[in-house]
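Asks:
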Amino acid sequence: MFFFFLFFYGASQLIQDAQRHGVQIKPVDITISGWDCTLEEQMTKTSRPAPPNVRLGLSRVKGIGLKAATRIVEARKTASFESTADLANRASLNATEIRALASADALCALAGHRREALWAAASHIRQSDLMREAPVKETLPTIAAAPEGEEIVSDYASMELTLRRHPLALLRPTLARMNLRSAMELDNYPTGRLVRTTGIVTCRQRPGTASGAVFVTLEDETGIINVVVWNLLVLKQRRELLNSRLLTVYGVWQSEGEVKHLIAKRLVDHSHLLGGLRVESRDFH
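Take a look at the structure:
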């Protein structure tokens with residue numbers, strides 16, 4: 000069942016939903032993470048077990064394969080890594096693999112924040128056999144951490160998810176000025192109300208039994224919005240429907256018990272507001 004949900008929803012959606020339900024998600028850490036995501040037990044002040052944290056695995060890092068992850072775990076069993084150079088040498092990691100780990104902010108315990116780790120990765124890569132054990136002495140410059148927006152963009156580029164704030168949390172002041180409602184605000188709207196909202200497109204579905212309608216799932220920092228795009232609008236605004244990363248929808252809110260969705264009347268592509276953030280939707284027929 001888990002693999003079905005991962006296939007259908009994607010890691011970012013699952014993690015965002017888990018965080019909204021109080022689950023603690025821990026980042027990829029070269030000193031702890033295995034290949035798969037794992038549960039980490041934690042204790043409360045009363046010595047009673049608390050709900051476990053979820054530790055992201057090395058499989059989330061683009062550019063790190065199972066073989067490299069296995070070498071990392073095996074080397075770690077012998078002794079803890081002392082530095083990025085020690086990691087690279089003992090786990091036989093090449094420059095591309097070290098940069099991948101640095102880009103995913105997985106070297107924090109060894110080399111500091113992402114920018115510091117990337118600087119270290121440029122120097123501490125596996126050398127040729129002749130120079131492999133030669134000591135490297137270098138004074139690292141003081142490097143400021145990247146702004147939050149840049150960190151989020153890097154998270155998605157390296158792992159297709161972020162544990163920082165949702166991208167739309169940063170855009171919310173701009174979206175509020177555009178009178179674009181959040182998923183949380185829509186949840187209590189009365190049925191039949193004209194509304195406008197926006198969200199990152201996470202899923203598009205066009206079942207063969209839906210008379211050409213497309214069902215779109217939008218995500219913001221407060222939840223998800225289900226959108227129904229009838230066939231006439233699909234034909235009229237195909238480009239906005241299929242190409243938007245950040246889709247704004249003007250429509251009529253429908254709410255009946257737990258069944259809530261937005262009937263689209265107009266679509267606007269606001270992907271430019273995401274800047275360099277690259278997100279991929281899961282599209283099904």
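Letter 197 of the sequence shown, counting from 1, is numbered 196 in numbering that gives the first Met the number 0, and no numbers are missing. Even for Gly, the Cβ is constructed at its ideal location relative to N, Cα and C.
1. Using a Cβ distance threshold of 8 angstroms, determine whether the stretch 178-190 contacts the stretch 229-240, with at least three qualifying pairs required.
2. So what does Cys202 bridge to, in DSSP terms?
3. Would you kindly check if the distance between the Cβ of Ala103 and the Cβ of Thr72 is under 7 angstroms?
4. Classify His269 as buried or exposed, calling it buried when 16 or more other Cβ atoms lie within 10 Å of its own Cβ.
5. Using 8 angstroms for Cβ pairs, my map puts Val248 next to Ala263. What's the rounded Cβ distance?
6. Look up Glu269 in the DSSP assignment and give the residues it is bridged to.
7. Kindly list the residues whose CB is nearer than 7 angstroms to the CB of Gly9, restricted to its own chain and excluding five residues on each side of it in sequence; keep chain order.
8. Determine the closest residue to Phe80 out of Glu147, Ala108, Ser58, with distance taken between C-alpha atoms.
9. Using the Cα positions of Gly207 and Val215, report the straight-line distance between them to the nearest angstrom.
10. So who's on the other strand from Tyr249, going by DSSP bridges?
11. If I'm right that Gly287 touches Gly33 with Cβ under 8 angstroms, what's the distance once you round it to whole angstroms?
12. Using the three-state DSSP reduction, which class does Lys61 fall into: helix, strand or coil?
13. Taking Ser254 as the reference, give the member of Ser210, Val194, Ser243, Gln23 with the closest Cα.
Replies: In short:
1. no
2. Against the sequence shown, residue 202 aligns to sequence position 203. DSSP, once it has assigned bridges, lists Thr216, Arg281 as partnering Cys202.
3. As a working note, residue 72 is residue 73 in the sequence shown. As a working note, residue 103 is residue 104 in the sequence shown. Thr is not the amino acid found at residue 72; the sequence shown has Val there. Cβ atoms of Val72 and Ala103: not closer than 7 angstroms.
4. As a position in the sequence shown, residue 269 is number 270, starting the count at 1. So His269 counts as buried.
5. Position 249 of the sequence shown, counted from the start, is the residue given in the question as residue 248. Position 264 of the sequence shown, counted from the start, is the residue given in the question as residue 263. At roughly 5 angstroms, the Cβ-Cβ gap stays under 8 angstroms, so Val248 and Ala263 are in contact.
6. For the purposes of this step, residue 269 is taken as the residue at position 270 of the sequence shown. According to the sequence provided, residue 269 is His. The question's Glu does not apply to it. Paired residues: none, contrary to the question.
7. As a first step, residue 9 is located in the sequence shown; it is residue number 10 there, counting from the start. Excluding positions up to five away in sequence, the list reads Thr201, Arg281.
8. In the sequence shown, residue 80 corresponds to position 81, counting from 1. Here the closest residue by C-alpha is Ala108.
9. On the sequence shown, residue 207 is found 208 positions in, with the first residue counted as 1. On the sequence shown, residue 215 is found 216 positions in, with the first residue counted as 1. Rounded to the nearest angstrom, the two C-alpha atoms are 15 angstroms apart.
10. On the sequence shown, position 250 is the one that residue 249 refers to. Answer is Arg195, Arg265.
11. The chain is shown only over 0 to 284; residue 287 falls outside these bounds and no answer can be derived.
12. Translated into the one-based positions of the sequence shown, residue 61 becomes position 62. Lys61: coil per DSSP, three-state reduction.
13. One-based indexing of the sequence shown puts residue 254 at position 255. Residue Val194 is the option with its Cα nearest to Ser254.
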